[in-house]
Every structure is written in structure tokens, then in C-alpha cells.
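*Asks:*
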Amino acid sequence: MRYGDPVYHPTAVPQPVLLPADIPPGVEWVTLPNGVRTLAYTHPQHHPTAQPEPAHRAESIPRWARTTALLAPTIGGGIAAAGFGISYAAPGVLAMAEALWAAVALIAAGALVPLLLRTASSRAHHRGPVQHITQNITATGLFGKASGTLNNR
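Position 98 of the sequence shown, counting from 1, maps to 97 under numbering that gives the first Met the number 0, and the rest follow consecutively.
In C-alpha cells form, the structure reads like this:
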């Protein structure tokens, strides 16, 4: 017979043989309403003589979890207070930043102006060689009188 014939009966396919040890827990052989036997997951059957499962004892909360749960609002409150303080301090911080930049500019000008004046004056007057003046001062004791020499070369 072929597939298009009015009565078609497929040939039986050999099924693999499973040993009871090969079947995982929770799986059993069941018979379907059409008479076919197959493996299926089943719900565990409660027998009236079976011991009831003990109720799960409430586990205590670990110490680290309790500590973290108690510290979370404290840390959050601290962060909120810091943000609140920074929002009030922002105008002052900006003013201080501008003042610091002004101080940096003043220091830079104080260092550059003498150098510019020195180079301009040395070009304008063009003196001879540079003179070196050395001074030696000596004193003895804590309240001793100091004496010294001045060498002009």
C-alpha cells in the first residue's frame, strides 16, 4: 500500500528499550486515551500513609544583609545632605574659583614683569660686564655680634 490509498497503516517503528534505571525521576510510563504508551512527566502522588513534608523553617536573615539594610538609609541620607550642601555652596565655590584664577594671573604677572623690565633695560643701557657682589657674615653664639665682609668684583 501506498500513502495515497484509502486505507493507510504505517508500519510500526521499533521503539528503543529503556531500562527503569534510565528513566529520570518524575518521569513514568503512561497510557494515553488512544491506547499508546509513552513516557511523560507526572506530578507526585500523595499517599494517605505517606509522611507529610516538614514545613520549612523561616531562615534567619544573615548579619551582612541586616547591616546593609540598616546602613542603606543612613548612606542615602548622607548623600542627600551632601548634595543639598553642595547646591548651597555652589555660588561661593564658583566665586572662589574665579578668585583663585585672579591670584594665579597676579602671580604670573608678578613673575613676568620684572623679567621683561630687566631685559628691556639691559638692551637700552647696555652696560659692561655683570658685577658680582658677595657677602660673608659670621656670628658666634646665640646673641653674638655679627661681622662680615663685602666683596665687589
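Note that beta-carbon positions come from the ideal geometry of N, C-alpha and C, so glycine has one too. Note that the structure is predicted; figures quoted are calculated from it, not measured.
1) Where do the ends of the beta strand (DSSP E) carrying threonine 41 lie?
2) Is the distance from the Cβ of glutamate 27 to the Cβ of alanine 39 below 9 Å?
3) With H, G and I counted as helix, E and B as strand and the rest as coil, what does DSSP make of leucine 70?
4) Among the residues of its own chain, which have a CB less than 6 Å from the CB of threonine 41, if the five just before and after it don't count?
5) In whole angstroms, what separates the C-alpha of glutamine 134 from that of glycine 147?
6) Given this structure, state the Cα-to-Cα distance separating alanine 98 from leucine 116, to the nearest angstrom.
7) Could you tell me the alpha carbon to alpha carbon distance between valine 16 and isoleucine 22, rounded to whole angstroms?
8) Roughly how many angstroms separate the alpha carbons of alanine 108 and leucine 70, rounded to a whole number?
9) If you draw a straight line from the C-alpha of alanine 119 to the C-alpha of alanine 104, how long is it?
10) For threonine 148, list the residues DSSP reports as bridge partners.
11) So the beta strand (DSSP E) valine 35 belongs to, where does it begin and stop?
12) In this structure, how does DSSP classify valine 29 when only helix, strand and coil are distinguished?
13) Of all the alpha helix (DSSP H) runs that stay within the bounds of the segment 73 to 112, which reach a length of 4 or more residues?
*Replies:* This is what the structure holds:
1) Run containing threonine 41: none; DSSP gives neither H nor E here.
2) yes
3) helix
4) Glu27
5) 7 Å
6) Going from the Cα of alanine 98 to the Cα of leucine 116 covers about 27 Å.
7) 11 Å
8) Between alanine 108 and leucine 70, the C-alpha separation is close to 52 Å.
9) 22 Å
10) Asn135
11) Where valine 35 is concerned, there is no enclosing beta strand (DSSP E), given that its DSSP letter is neither H nor E.
12) strand
13) none
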